[in-house]
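**Student:** Before I ask anything, here is the structure I am working with.
There are 2 protein chains.
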Amino acid sequence: MQASMNQIVTLDKDTWGLLRNVLVEHQLVKGDLLLKPGQVCKHIFFLQTGLLRSFYLTDGEERNVAFTLENSFVTDMKSLRSGQPAQLSIQALESSTLQSIPKADLLGLYERSHHLEAFGRRLLENLLEEQEEYAAWFTLYSARERYNRLVKKQPDLVQRVSLGHLASFLGIRRETLSRIRKLK
Amino acid sequence: MQASMNQIVTLDKDTWGLLRNVLVEHQLVKGDLLLKPGQVCKHIFFLQTGLLRSFYLTDGEERNVAFTLENSFVTDMKSLRSGQPAQLSIQALESSTLQSIPKADLLGLYERSHHLEAFGRRLLENLLEEQEEYAAWFTLYSARERYNRLVKKQPDLVQRVSLGHLASFLGIRRETLSRIRKLK
DNA sequence: TAAAATCTGTGACAAAAGTCAAAAAAGAAG
DNA sequence: CTTCTTTTTTGACTTTTGTCACAGATTTTA
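See the structure below:
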């Protein structure tokens, strides 16, 4: 966790100490839910090993909106900030190890440590950039183009995630992705 | 600007003084470009009055990915952070007044003021939340549903923006939006 | 490893959205 | 006002994607 956080901002020893104090380790097995709709999301999570998906359940259909690969952070920003019950679910697609940071502790640490606040800001810039790119794909590219770009951008992800989950993330039906794959 | 920034974090007088020092006012008339593809984006902008759109130009087609209403911030996060030439264009849809903050100054201020850094972090959380919602609409809803939700969420925007620009933002053709409007 | 469950591929057809062309409407400019 | 320009609407047709049903594969698990 330290190594991958240092790629964003190098934190001093004191800040690390503070942060380490509030971390709690979790283990999930494939299929476990880290966040269920109706729950208030009160943590941010750092995924050490494994793979997660974030999805909405609307009229009986699950729609993936994100995958989380190892060494990255995940939460439901909307529920976390508002304190309202989540609409989102977060589920382990593979057995996973992660650290959680309670919201209350994080806010305290942000106040105490300018460095950590700077880390938070830069992490959010990263996430925003990614999210802007993901959204733009829908207006800029066809289903087939989105798939091709995903393969180029995250070949590892495409290997590890089932066709059905990928299709949902790309905003298309399993059958359509199956056909896209066949014809090239 | 102070009023709308205070809704995010209340900044102390000193920080305000620092920030005010680096602001530069700009006027745009309808049609003016604030950012052109190929330019490196070196500022963040605060829109005081007017209306902007952000769009990509791909094979001769303009595709809108965002609108900026008064009292909000806008930039090309990707170009700003990477220092690479922008792909994005930002254009005034109405005559606009805005303040710009040079990247170099902003980074300096972030270091000097923990408060401003906190402001930045919270602003980014807002932007991320919005962007996540926008992206999710494409996987969750049909063209017609996206349009209906936009009308409910930002009726003001729907009034002020032409059908063509709205359609592009929703990821559909003008003709399709025209038909959606007719049939209800 | 056999049976069950889940996931993927395929075909035939339906629905949604795109394309192209042209007319109508609305807005800007002299 | 009247003309010019841009935007919106409409119709006919095409393409893309979705739907449903079912057959093969693959994976899980007992």
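Just so you know, the protein sequences line up as chains R and H, in that order.
Position one of the first sequence corresponds to residue 1 (my numbering), numbered consecutively onward.
Position one of the second sequence corresponds to residue 1 (my numbering), numbered consecutively onward.
For every residue, glycine included, the Cβ atom is placed at its ideal position computed from N, Cα and C.
Everything numeric in this text was worked out from a predicted model, so none of it was measured.
Using the C-alpha atoms, what's the distance from L166 (chain R) back to Q91 (chain R)?
**Tutor:** For the purposes of this step, residue 91 (chain R) is identified with residue 91 of the first sequence, where counting begins at 1. For the purposes of this step, residue 166 (chain R) is identified with residue 166 of the first sequence, where counting begins at 1. The straight-line gap from Cα to Cα measures roughly 15 Å.
**Student:** Could you check what DSSP says for N6 (chain R) in three-state terms: helix, strand or coil?
**Tutor:** As a first step, residue 6 (chain R) must be located in the first sequence, where it is residue number 6. In this structure, N6 (chain R) counts as helix in the three-state DSSP scheme.
**Student:** Might you give, ordered along the chain, the residues of its own chain that have their beta carbon closer than 8 Å to the beta carbon of I8 (chain R), omitting 5 neighbours on each side?
**Tutor:** Looking up residue 8 (chain R) in the first sequence gives position 8. Closer than 8 Å at Cβ, skipping near neighbours: F119, R122, L123 and N126.
**Student:** For a contact defined as C-beta to C-beta under 8 Å, what are the partners of Q131 (chain R) on chain H?
**Tutor:** Locating residue 131 (chain R) in the first sequence gives position 131, where the first residue counts as 1. Correct list: L128, Q131, E132 and A135.
**Student:** Extract the residue ranges of the beta strand (DSSP E) inside the segment 79-133 of chain R, only unbroken runs of 3 or more that lie entirely within it.
**Tutor:** As far as the segment 79-133 of chain R is concerned, its whole beta strand (DSSP E) runs of at least 3 residues are 88-102.
**Student:** Determine, for S100 (chain R), whether the minimum Cβ-Cβ distance to residues of chain H falls below 8 Å.
**Tutor:** By 1-based counting over the first sequence, the position of residue 100 (chain R) is 100. Not one chain H Cβ lies under 8 Å of S100 (chain R).
**Student:** By the criterion of Cβ-Cβ separation under 7 Å, what are the contact partners of K153 (chain R) in chain H?
**Tutor:** By 1-based counting over the first sequence, the position of residue 153 (chain R) is 153. Within chain H, no residue comes near K153 (chain R); the closest Cβ sits about 14 Å away, beyond 7 Å.
**Student:** Please report the straight-line C-alpha distance between S100 (chain H) and S95 (chain R), rounded to a whole angstrom.
**Tutor:** For the purposes of this step, residue 100 (chain H) is taken as the residue at position 100 of the second sequence. For the purposes of this step, residue 95 (chain R) is taken as the residue at position 95 of the first sequence. So the alpha carbons of these two residues sit roughly 47 Å apart.
**Student:** How would you call L33 (chain R), buried or exposed, if buried means at least 16 neighbouring beta carbons within 10 angstroms?
**Tutor:** As a position in the first sequence, residue 33 (chain R) is number 33, starting the count at 1. Exposed.
**Student:** For V22 (chain R), verify whether its CB is less than 7 Å away from any heavy atom of the ligand PLP.
**Tutor:** For the ligand PLP, the structure offers nothing, since it holds no ligand at all.
**Student:** Pull up the distance between the alpha-carbon of S113 (chain R) and that of S82 (chain H), whole angstroms please.
**Tutor:** Counted from its first residue, the first sequence places residue 113 (chain R) at position 113. Counted from its first residue, the second sequence places residue 82 (chain H) at position 82. So the two alpha carbons sit approximately 26 Å from each other.
**Student:** Along the chain, where does the alpha helix (DSSP H) that runs through T68 (chain R) open and close?
**Tutor:** In the first sequence, counting from the first residue as 1, residue 68 (chain R) sits at position 68. First-last for T68 (chain R): E61 to T68, but that is the beta strand (DSSP E), not the alpha helix (DSSP H).
**Student:** Using DSSP bridges, identify the partner residues of V24 (chain R).
**Tutor:** The residue you call residue 24 (chain R) lines up with position 24 of the first sequence. V24 (chain R) is bridged to R:S100.
**Student:** Do the segment 168-177 of chain R and the segment 126-145 of chain R meet, that is, are 3 or more Cβ pairs less than 8 Å apart?
**Tutor:** In short, these stretches touch, since the Cβ pair count reaches three.
**Student:** Kindly indicate the opening and closing residues of the beta strand (DSSP E) around G164 (chain R).
**Tutor:** Working through the first sequence from its first residue, we reach residue 164 (chain R) at position 164. Where G164 (chain R) is concerned, there is no enclosing beta strand (DSSP E), although the alpha helix (DSSP H) it sits in stretches over L163 to L170.
**Student:** Note the first and the last residue of the continuous alpha helix (DSSP H) segment covering V74 (chain H).
**Tutor:** Here residue 74 (chain H) corresponds to residue number 74 of the second sequence, with the count starting at 1. Not the alpha helix (DSSP H): V74 (chain H) falls in the beta strand (DSSP E), residues S72 to V74.
**Student:** Could you check where the alpha helix (DSSP H) with S185 (chain H) kicks off and where it finishes?
**Tutor:** Residue 185 (chain H) lies beyond the range of chain H shown here (1 to 184); nothing can be said about it.
**Student:** 8 Å is my cut-off, CB to CB: does T97 (chain R) come that close to chain H?
**Tutor:** Taking the first residue of the first sequence as 1, we reach residue 97 (chain R) at position 97. No, because no Cβ of chain H sits closer than 8 Å to the Cβ of T97 (chain R).
**Student:** T75 (chain R) and I44 (chain R) look like a contact to me (Cβ under 8 Å); what is the Cβ gap, rounded to whole Å?
**Tutor:** By one-based count along the first sequence, residue 75 (chain R) stands at place 75. By one-based count along the first sequence, residue 44 (chain R) stands at place 44. At roughly 4 Å, the Cβ-Cβ gap stays under 8 Å, so T75 (chain R) and I44 (chain R) are in contact.
**Student:** Tell me whether L51 (chain H) sits in a helix, a strand or coil according to DSSP, three-state version.
**Tutor:** Along the second sequence, one-based indexing puts residue 51 (chain H) at 51. In the structure shown, L51 (chain H) sits in coil (DSSP, three-state: anything other than H, G, I, E or B).
**Student:** At the level of alpha carbons, what is the spacing between T49 (chain R) and Q27 (chain R)?
**Tutor:** The residue given as residue 49 (chain R) occupies position 49 in the first sequence. The residue given as residue 27 (chain R) occupies position 27 in the first sequence. For T49 (chain R) and Q27 (chain R), the distance between alpha carbons rounds to 10 Å.
**Student:** Within 8 Å of any Cβ in chain R, is that where the Cβ of H43 (chain H) sits?
**Tutor:** In the second sequence, the residue the question calls residue 43 (chain H) occupies position 43. False, the Cβ-Cβ gap to chain R never drops below 8 Å.
**Student:** Which residues of the segment 45-60 of chain R have a Cβ closer than 8 Å to any Cβ of chain H? Give them in chain order.
**Tutor:** Listed by position along the chain: Y56 and T58.
**Student:** Count the other CB atoms, across all protein chains shown, that sit within 10 Å of the CB of E61 (chain H); report buried if there are 16 or more and exposed otherwise.
**Tutor:** As a working mapping, residue 61 (chain H) is identified with position 61 in the second sequence. When all chains shown are included, E61 (chain H) counts as exposed.
**Student:** Can you give the Cα-Cα distance for K30 (chain H) and L47 (chain H), rounded to whole angstroms?
**Tutor:** Looking up residue 30 (chain H) in the second sequence gives position 30. Looking up residue 47 (chain H) in the second sequence gives position 47. Taking the straight line from one Cα to the other gives about 14 Å.
**Student:** May I have the straight-line CA-CA distance separating N71 (chain H) from R181 (chain R), to the nearest angstrom?
**Tutor:** Position 71 of the second sequence, counting from 1, holds the residue named residue 71 (chain H). Position 181 of the first sequence, counting from 1, holds the residue named residue 181 (chain R). Spanning the two alpha carbons is a distance of roughly 45 Å.
**Student:** Mind checking if L124 (chain H) is an interface residue toward chain R, Cβ cutoff 8 Å exclusive?
**Tutor:** Taking the second sequence and counting its residues from 1, one reaches residue 124 (chain H) at position 124. Cβ-Cβ to chain R under 8 Å: yes for L124 (chain H).
**Student:** Report the CB separation of L109 (chain R) from L18 (chain R) in whole angstroms; it is logged as a contact under 8 Å.
**Tutor:** Residue 109 (chain R) sits at position 109 when you count from the first residue of the first sequence. Residue 18 (chain R) sits at position 18 when you count from the first residue of the first sequence. With 8 Å as the limit, L109 (chain R) and L18 (chain R) qualify as a contact, their Cβ atoms being about 6 Å apart.
**Student:** Who are the near neighbours of R144 (chain H) in its chain, counting only those whose CB is closer than 7 Å to its CB and skipping five residues on each side?
**Tutor:** Numbered from 1 along the second sequence, position 144 holds the residue referred to as residue 144 (chain H). Once the five neighbours on either side are set aside, the close Cβ partners of R144 (chain H) are I180.
**Student:** Which residues, taken in chain order from the segment 137-148 of chain H, show a beta carbon closer than 8 Å to some beta carbon of chain R?
**Tutor:** So the list reads F138, T139 and L140, given in the order they occur along the chain.
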